[in-house]
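First up is the structure itself, then whatever we jot down about it.
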Amino acid sequence: MNDLGTIWVYLAQKPLLWLSLTVAVFWLAQQLYNRCGQWPLLNPVLLSMLALVSLLTLTHTPYDTYFDGAQFVHFLLGPTTVALAVPLYQYYGRLKRYWLPLLIALLVGSSTAVLSVWALSRLTGLSEVSLLSMLPKSITTPIAMGIAQEIGGLASLTAVLVILTGIVGAVTAPSLLKLVGIQDNAVKGFAIGLSSHGIGTARAIQIHTEMGAFAGLAMGLNGISTAILVPLCVSILL
Amino acid sequence: MLSAFAILLGLQLVGEIVVRALSLPIPGPVLGMLLLFIGFIWRGNIPDYLQQTSQSLLQHLSLFFVPAGVGVMVHIGLLQQEWLAIVITLLGSTWLALLVTAWVLQALLKRWEAKE
Chain E
321 MNDLGTIWVY LAQKPLLWLS LTVAVFWLAQ QLYNRCGQWP LLNPVLLSML ALVSLLTLTH
381 TPYDTYFDGA QFVHFLLGPT TVALAVPLYQ YYGRLKRYWL PLLIALLVGS STAVLSVWAL
441 SRLTGLSEVS LLSMLPKSIT TPIAMGIAQE IGGLASLTAV LVILTGIVGA VTAPSLLKLV
501 GIQDNAVKGF AIGLSSHGIG TARAIQIHTE MGAFAGLAMG LNGISTAILV PLCVSILL
Chain W
85 MLSAFAILLG LQLVGEIVVR ALSLPIPGPV LGMLLLFIGF IWRGNIPDYL QQTSQSLLQH
145 LSLFFVPAGV GVMVHIGLLQ QEWLAIVITL LGSTWLALLV TAWVLQALLK RWEAKE
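If you read the protein sequences in the order shown, they are chains E and W. Under our numbering, the first residue of the first sequence is numbered 321, with each subsequent residue one higher. Under our numbering, the first residue of the second sequence is numbered 85, with each subsequent residue one higher.
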């Protein structure tokens, strides 16, 4: 019979271990979240991240080894983004009717997301590199990383800031919007998707399909709008 | 389910190819989403099999962000150096973008509906 050490060496080399752990940890986090009345701070993405980072640190496992296994879960982001067309089409009627208000809200919201980073960074004394990496924080990771590279930020830092922004949105946006008295699910969804991209959208889908549909739409549109706006702002402001 | 998966992956692939060929500033899957959306408009409805598979994938969208999120561990040092400025800027900007978008859209929709 093999001792535990040998079994660990075998498991550590295979993608199966971290793949299963990612799914299992997320399942547990979701159970906990549901048991505790979906308390926002127990957001399953946040809990799973904390649990997995702790596990990796304790076992001295590098992130690359972890990602070899977890990439199979990561990969599903692509086809699932394509699948966002389904809820979007379900609300096609509303979308067609309100295209102009949606377009104006997009331009105002997108500029707010970018310019407020610049303004707040002046107040907090954020370093230039962090500022450049944070400007595209409200949009989906692949576009944000591309923009950061173009303007001289650190693409890998951008990826982290994008994820943190998404978590802030997923955790706080539904309660914050309720607090200020926004009731329309389309409005809520659009604001969540615009400010906190896919992670916010994932949360919106769980609350209501219409909220999810408009979040997905705003996420896609803000990606395009931010890609044009950020390089423009950098050339004017910095 | 299999045919739905083939369509979703196929459109992602088409999206990736077009984005690269034309160097568009959007990710392949987002273009794939737009293509599928146009497909639904053209067809006039959503086929059942696509509806089912899409819904079960979308139900688990949060899970798919976990592997990238764990990447935070690589940057813990960088984040520690400037954590306060980062926290204030990130929270402030995310909340501002959220609220401004919601207020503007709500106000515009009210006017729009009143006009109709």
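Using N, Cα and C, we set each Cβ at its ideal position, and we do this for glycine too.
Verify the CB distance criterion: does residue i have a CB-CB separation below 8 Å to chain E?
i      : result
W:V158 : yes
W:M117 : yes
W:P131 : no
W:L106 : no
W:S146 : yes
W:I172 : yes
W:L86  : no
W:Q96  : yes
Rounded to whole angstroms, what's the CA-CA distance from residue i to residue j? Just pull it up for me.
i      : j      : result
E:W347 : E:M539 : 26 Å
W:V154 : W:A198 : 47 Å
E:P421 : E:L537 : 14 Å
E:I544 : E:L370 : 31 Å
W:I91  : W:Q135 : 12 Å
W:A105 : E:A547 : 18 Å
E:A332 : E:T385 : 8 Å
W:G116 : W:V98  : 7 Å
E:F392 : W:F89  : 15 Å
W:G161 : E:A433 : 26 Å
E:P407 : E:G325 : 48 Å
E:G486 : E:K457 : 9 Å
Tell me, please, whether the CB atom of residue i is closer than 8 Å to any CB atom in chain W?
i      : result
E:H352 : According to the sequence displayed, residue 352 of chain E carries Leu and not His. Chain W, which has no Cβ nearer than 8 Å to the Cβ of E:L352, makes this no.
E:Q391 : yes
State buried or exposed for residue i, treating a residue as buried only when at least 16 other CB atoms are found within 10 Å of its CB.
i      : result
W:Q190 : buried
W:V156 : buried
E:W328 : exposed
E:S450 : buried
E:N505 : buried
E:T342 : buried
Indicate the three-state DSSP secondary structure (helix, strand or coil) for residue i in the structure shown.
i      : result
E:Y418 : coil
E:Y411 : coil
E:C553 : helix
E:P456 : coil
E:W359 : coil
List, in order along the chain, the chain C residues whose C-beta lies closer than 7 Å to that of residue i?
i      : result
E:P421 : The displayed structure is made up of protein chains E and W, and chain C is not among them.
With 8 Å as the limit, tell me which residues of the segment 397-409 of chain E have their beta carbon closer than that to any beta carbon of chain W; keep them in chain order. Residues L397, G398, P399, T400, T401, V402, A403, L404, A405, V406, P407, L408, Y409.
Could you list the residues in the segment 465-486 of chain E with a C-beta less than 9 Å from some C-beta on chain W, going in chain order? Flagged, chain order: G466, I467, L474, S476, L477, A479, V480, L481, V482, I483, L484, T485, G486.
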